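K.L.:
Residue numbers (this note's numbering): 3 to 328. Positions of the beta carbon are idealized from the N, C-alpha and C atoms, including for glycine. From a predicted model like this one, the values you see are computed outputs, not experimental measurements. Have a look at this one before I ask anything.
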Ligand SMILES: NC(=O)c1ccc[n+]([C@@H]2O[C@H](COP(=O)([O-])OP(=O)(O)OC[C@H]3O[C@@H](n4cnc5c(N)ncnc54)[C@H](OP(=O)(O)O)[C@@H]3O)[C@@H](O)[C@H]2O)c1
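Have a look at this one:
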């Protein structure tokens with residue numbers, strides 16, 4: 003079978019690799035589509051210090067072509083979506099080091115994948131193959147961040163800084179689906195316009211004065227993936243006892259904050275990352291119930307992986323970048 007391989011010395015290549023068979027409890031899937039995440043780049047960078055040979059990619063969807071011994075919940079030719087969160091069952095039971103599909107284990111940028119049946123779910127019929135293939139990691143992250151950690155409720159005000167990312171666009175769609183008021187920020191007018199088309203209530207230029215821009219009151223929840231570049235601004239616009247949920251560090255890893263600015267208004271800073279099998283199933287039920295479709299930025303054939311990664315690196319994308327296998 004053909005797959006994208008990352009090797010330390012040579013980087014990415016499209017090559018023939020061994021076709022594996024499922025062991026007990028596993029299924030083999032013929033992938034139809036896959037999705038890119040910033041994690042793919044991050045993991046490749048991490049692996050630079052030692053010899054490595056693996057297929058990247060966390061998101062994907064396809065058809066079951068072989069069932070391992072003892073797999074009862076699925077049948078041959080079922081259409082399924084992959085949950086890349088390995089070995090994490092329930093929302094409360096957070097693993098010490100969550101394992102994610104696609105580095106060092108072989109991921110979805112491939113014609114086939116063998117994966118535990120625990121890590122698949124039936125594809126809702128209303129989603130196209132490409133929509134099903136790009137959603138897992140970012141939609142799961144958004145779901146846990148908003149609902150399990152942030153506890154977002156109908157009518158509350160949510161701020162999503164940096165609205166172009168995959169997680170951010172899902173958070174916007176999920177929050178609007180339950181009737182929250184959503185503010186978004188971007189340095190890019192075009193991304194703000196697109197967010198407005200998706201229902202965002204406040205469109206804030208990143209470098210504007212958010213305090214004066216917000217006339218209707220401050221935010222109950224802020225969903226941050228940007229980090230130090232914007233962190234101090236969050237404190238000014240979060241309500242007392244508000245939740246600042248953080249899941250990324252796009253502008254750096256360290257922030258310098260006055261502790262008084264946290265404890266006087268009794269702000270809650272909550273870390274989150276990915277999500278459990280339980281939350282993945284809840285997220286798929288949620289999007290099916292609300293008929294939510296991912297925001298697709300662009301699609302490339304599998305062999306054009308380098309161009310797809312360039313699109314993600316550019317930071318110009320709005321929503322997810324996808325790969326098609328045929
Ligand atoms: N922990 C998890 O489970 C998990 C899962 C998925 C993603 N993530 C993280 O989520 C983040 C979002 O992913 P991504 O790939 O879309 O990230 P990204 O391209 O690095 O950033 C997303 C947006 O953040 C804004 N931004 C970035 N740097 C900024 C800066 N210095 N100042 C102001 N705004 C800035 C940009 O918005 P504008 O261009 O609109 O201004 C950009 O489009 C990443 O940090 C990623 O690692 C974490």
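#1: Give the single residue among 242, 21, 65 whose Cα lies nearest to the Cα of residue 159.
#2: Between residue 85 and residue 279, what straight-line distance do the alpha-carbon atoms span, to the nearest angstrom?
#3: For the beta strand (DSSP E) containing residue 270, list its first residue and its last residue.
#4: Quick check on this structure: which residue in 288, 151, 324, 306 has the alpha carbon closest to the alpha carbon of residue 94?
#5: Pick helix, strand or coil for residue 121, following the three-state DSSP scheme.
#6: Going by DSSP in three states, residue 248 sits in which element: helix, strand or coil?
#7: Who are the Cβ neighbours of residue 2 in its own chain at under 7 angstroms, not counting the five residues just before and after it?
#8: Between 156, 199, 127, 27, which lies nearest to residue 183 when the distance is taken from Cα to Cα?
#9: Alpha carbon to alpha carbon, what distance is there between residue 288 and residue 303?
#10: Would the beta-carbon of residue 1 be found less than 8 angstroms away from any heavy atom of ligand 1?
#11: Does the Cβ of residue 300 lie closer than 8 angstroms to at least one heavy atom of ligand 1?
#12: Using DSSP with H/G/I as helix, E/B as strand and the rest coil, what is residue 82?
#13: Alpha carbon to alpha carbon, how far is residue 282 from residue 209? Give it in angstroms, no decimals.
#14: Could you check how far apart the C-beta atoms of residue 276 and residue 100 are, in whole angstroms? I think they sit under 8 angstroms.
#15: Which first and last residues belong to the alpha helix (DSSP H) in which residue 174 is found?
P.N.:
The relevant details are as follows:
#1: The residue given as residue 159 occupies position 157 in the chain shown. That would be 242, whose Cα lies nearest to the Cα of residue 159.
#2: Numbered from its first residue, the chain shown carries residue 85 at position 83. Numbered from its first residue, the chain shown carries residue 279 at position 277. So the two alpha carbons sit approximately 7 angstroms from each other.
#3: Against the chain shown, residue 270 aligns to sequence position 268. Here the beta strand (DSSP E) through residue 270 covers 270-273.
#4: Here residue 94 refers to the residue found at position 92 of the chain shown. Of the listed residues, the one whose Cα sits closest to residue 94 is 151.
#5: Mapped onto the chain shown, residue 121 falls at position 119. The answer is helix: DSSP assigns residue 121 an H, G or I state.
#6: Translated into positions along the chain shown, residue 248 becomes position 246. Here DSSP, grouped into helix, strand and coil, assigns residue 248 to strand.
#7: Only positions 3 to 328 of the chain appear in the structure, and residue 2 is not among them; the question remains open.
#8: Residue 183 sits at position 181 when you count from the first residue of the chain shown. Considering only alpha carbons, the answer is 156.
#9: As a first step, residue 303 is located in the chain shown; it is residue number 301 there, counting from the start. As a first step, residue 288 is located in the chain shown; it is residue number 286 there, counting from the start. Looking at the two C-alpha atoms, the distance is approximately 29 angstroms.
#10: Because the chain here runs from 3 to 328, residue 1 falls outside it and cannot be looked at.
#11: Counting from one through the chain shown, the residue named residue 300 turns up at place 298. Checking the Cβ of residue 300 against ligand 1 gives no.
#12: Here residue 82 refers to the residue found at position 80 of the chain shown. Strand at residue 82.
#13: Residue mapping note: residue 209 aligns to position 207 of the chain shown, counting from 1. Residue mapping note: residue 282 aligns to position 280 of the chain shown, counting from 1. Residue 209 and residue 282: Cα-Cα distance of roughly 35 angstroms.
#14: Position 274 of the chain shown holds residue 276. Position 98 of the chain shown holds residue 100. Confirmed, about 6 angstroms.
#15: Residue 174 sits at position 172 when you count from the first residue of the chain shown. Where residue 174 is concerned, the enclosing alpha helix (DSSP H) stretches over 168-179.
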